[in-house]
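One structure below.
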Amino acid sequence: MKEVILIKDGELALKGLNRRNFESIMTGNIRRRLRDLGGVQIRRAQSTLYIEPLHDDFDFEEALERVSRIFGIAGFSRACVCEKNMADILGKAPEYLRETLKNAKTFKVEAKRADKRFELKSPEICREVGGVLLGAYPHLKVDVHNPDIVVMVEIRDYAAYLHAGQIHGAGGLPVGTAGHAAILISGGIDSPVAAWTMAKRGLTLDAIHFASPPYTSPRAELKVKTLLSKVARYSGIIRLWMVPFTEIQEKIGENCPEDYFTLIMRRMMMRIAERVASKNNCLALITGESLGQVASQTLPAIAATDSVTSIPVLRPLIGMDKEEIVRISKAIDTFETSILPYEDCCTVFTPKHPHTKPKPGQCEAAEEKLDIEALVEKAVDETYYVLIDASGELPPKENS
Numbered sequence: 416m417k418e419v420i421l422i423k424d425g426e427l428a429l430k431g432l433n434r435r436n437f438e439s440i441m442t443g444n445i446r447r448r449l450r451d452l453g454g455v456q457i458r459r460a461q462s463t464l465y466i467e468p469l470h471d472d473f474d475f476e477e478a479l480e481r482v483s484r485i486f487g488i489a490g491f492s493r494a495c496v497c498e499k500n501m502a503d504i505l506g507k508a509p510e511y512l513r514e515t516l517k518n519a520k521t522f523k524v525e526a527k528r529a530d531k532r533f534e535l536k537s538p539e540i541c542r543e544v545g546g547v548l549l550g551a552y553p554h555l556k557v558d559v560h561n562p563d564i565v566v567m568v569e570i571r572d573y574a575a576y577l578h579a580g581q582i583h584g585a586g587g588l589p590v591g592t593a594g595h596a597a598i599l600i601s602g603g604i605d606s607p608v609a610a611w612t613m614a615k616r617g618l619t620l621d622a623i624h625f626a627s628p629p630y631t632s633p634r635a636e637l638k639v640k641t642l643l644s645k646v647a648r649y650s651g652i653i654r655l656w657m658v659p660f661t662e663i664q665e666k667i668g669e670n671c672p673e674d675y676f677t678l679i680m681r682r683m684m685m686r687i688a689e690r691v692a693s694k695n696n697c698l699a700l701i702t703g704e705s706l707g708q709v710a711s712q713t714l715p716a717i718a719a720t721d722s723v724t725s726i727p728v729l730r731p732l733i734g735m736d737k738e739e740i741v742r743i744s745k746a747i748d749t750f751e752t753s754i755l756p757y758e759d760c761c762t763v764f765t766p767k768h769p770h771t772k773p774k775p776g777q778c779e780a781a782e783e784k785l786d787i788e789a790l791v792e793k794a795v796d797e798t799y800y801v802l803i804d805a806s807g808e809l810p811p812k813e814n815s
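The opening position of the sequence shown corresponds to residue 416 in my numbering, with each subsequent residue numbered one higher.
Here is the structure:
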């Protein structure tokens, strides 16, 4: 039996005259995600995208798994293509739905008759399909209120489609519709969730990681790459910028008051991140900060770090508590990697009593012994990037 994947978009329906552009970008994202599974034909009709494989060996299970992580898709279904007549629909329904119905106890049939010229109306379609399924599977009972399985029959423009209900998609907006931004990625729980959250709002992502060898190990860098590969299953390829940060942290330790170490470190990170972001056409920075979670995330501390940047800083987790963030990290499969015990640079030179409420001018005074411009410029010059996709770090030839 010929099968297709039916795609329903969510927020895109609200985009008015811009909808076609959003749909075009989402179609391109689908093609890229499914490219290595074989050729597909994608067409749009009646507010639905149809993904039709061009080869018999198309891996539907893997395709559905990938489609479930494409932002912009509200729901999707694996469906059997039928001719637009009841004889073909009734002939294919029992066999096509066998694996779905054999272990179910209850079901109901729903019909969507987009083609009003079809010979039967929706209630009649439901009655006939329900009857043939009850005949084929005597153990089933009809439950119109809370069924185990909802069988859908959709009568559309070119064909009829039969499937066992719609699966929830990732939602959000297609990646690439909202611009380009850079996430400051540490290796903890929060920043991968922040990256995922902003990709869901349509941003393409670069990532910036600050490494401090020998205080941080190669395993910490590998941890960050693993986290980004998990985010990349949703966002697509991420360019990861590796910033050498050891010298800057040592200079802070030698020349600045201890209680300001964390604040000055964050300010240096923001200065460097802005330079890297601007060079790569990123219009904003993203952080995983949550208000009041740690010393550097009080409102005065956030104001002190923001004061050294001139581009927007997005903080999608700012109003979330840790429980909410952990719940998302588990859902997107970053939690177990995030809690691996490999230190990142944020834990180096941590003061015993960090300053949490700096007043205007205090941070500037605390860092006056630093040659800030020289340190920033050197760090930016020595920064390099690697490309990360869902499989991990790409080979060097693909990084060029």
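No residue lacks a Cβ here, since even glycine has one placed at the ideal position from N, Cα and C. What you are looking at is a predicted structure, and each value in this text was computed from that prediction instead of being measured.
Report the CB separation of residue i from residue j in whole angstroms; it is logged as a contact under 8 angstroms.
{"i": "residue 599", "j": "residue 702", "result": "5 angstroms"}
{"i": "residue 642", "j": "residue 602", "result": "7 angstroms"}
{"i": "residue 543", "j": "residue 501", "result": "6 angstroms"}
{"i": "residue 608", "j": "residue 749", "result": "7 angstroms"}
{"i": "residue 675", "j": "residue 794", "result": "Incorrect: roughly 19 angstroms between the Cβ atoms, too far for contact."}
Go ahead and pull the three-state DSSP assignment for residue i.
{"i": "residue 594", "result": "strand"}
{"i": "residue 570", "result": "strand"}
{"i": "residue 498", "result": "coil"}
{"i": "residue 468", "result": "strand"}
{"i": "residue 629", "result": "coil"}
{"i": "residue 613", "result": "helix"}
{"i": "residue 674", "result": "helix"}
{"i": "residue 639", "result": "helix"}
{"i": "residue 605", "result": "helix"}
{"i": "residue 756", "result": "coil"}
{"i": "residue 749", "result": "coil"}
From residue i to residue j, what does the alpha carbon distance come to, in whole angstroms?
{"i": "residue 521", "j": "residue 561", "result": "8 angstroms"}
{"i": "residue 605", "j": "residue 740", "result": "7 angstroms"}
{"i": "residue 556", "j": "residue 549", "result": "7 angstroms"}
{"i": "residue 817", "j": "residue 597", "result": "No statement about residue 817 is possible, as the shown extent of the chain runs from 416 to 815 and does not include it."}
{"i": "residue 576", "j": "residue 496", "result": "5 angstroms"}
{"i": "residue 468", "j": "residue 455", "result": "4 angstroms"}
{"i": "residue 815", "j": "residue 444", "result": "Confidence at residue 815 is low in this model, with a pLDDT of 42, below 50, so its placement is unreliable and the value that follows should be read with caution. If I take the Cα positions, the gap works out to 22 angstroms."}
{"i": "residue 708", "j": "residue 727", "result": "21 angstroms"}
{"i": "residue 733", "j": "residue 713", "result": "11 angstroms"}
{"i": "residue 533", "j": "residue 539", "result": "11 angstroms"}
{"i": "residue 529", "j": "residue 511", "result": "22 angstroms"}
{"i": "residue 729", "j": "residue 673", "result": "28 angstroms"}
{"i": "residue 659", "j": "residue 772", "result": "28 angstroms"}
{"i": "residue 567", "j": "residue 426", "result": "23 angstroms"}
{"i": "residue 449", "j": "residue 578", "result": "21 angstroms"}
{"i": "residue 689", "j": "residue 680", "result": "14 angstroms"}
{"i": "residue 436", "j": "residue 580", "result": "28 angstroms"}
Nearest to residue i by alpha carbon, out of the options?
{"i": "residue 485", "options": "441, 473, 524 and 466", "result": "441"}
{"i": "residue 419", "options": "478, 564 and 438", "result": "478"}
{"i": "residue 720", "options": "451, 767, 811 and 774", "result": "774"}
{"i": "residue 743", "options": "611, 654, 794 and 631", "result": "611"}
{"i": "residue 698", "options": "725, 811, 682 and 767", "result": "725"}
{"i": "residue 792", "options": "583, 474, 694 and 621", "result": "694"}
{"i": "residue 799", "options": "687, 788 and 683", "result": "687"}
Answer with yes or no whether the minimum CB distance from residue i to chain D is below 8 angstroms.
{"i": "residue 483", "result": "Here chain D cannot be found, since the structure has a single protein chain."}
3-residue-minimum beta strand (DSSP E) runs that sit fully inside the stretch 764–803, ordered along the chain: Secondary structure within the stretch 764–803: not one fully enclosed beta strand (DSSP E) run of 3 or more consecutive residues is present.
Complete runs of the beta strand (DSSP E) confined to the stretch 504–577 [at least 3 residues]: If only complete runs of 3 or more residues are kept, the stretch 504–577 shows the beta strand (DSSP E) at 521–528 and 564–570, in order along the chain.
Uninterrupted alpha helix (DSSP H) stretches inside the stretch 420–499 (no shorter than 4 residues): Runs of the alpha helix (DSSP H) spanning 4 or more residues and lying entirely within the stretch 420–499 occur at 434–449 and 475–482, in chain order.
Ordered list of beta strand (DSSP E) runs contained in the stretch 697–735, each at least 3 residues: Those beta strand (DSSP E) runs which fall completely within the stretch 697–735 and span 3+ residues are 699–701.
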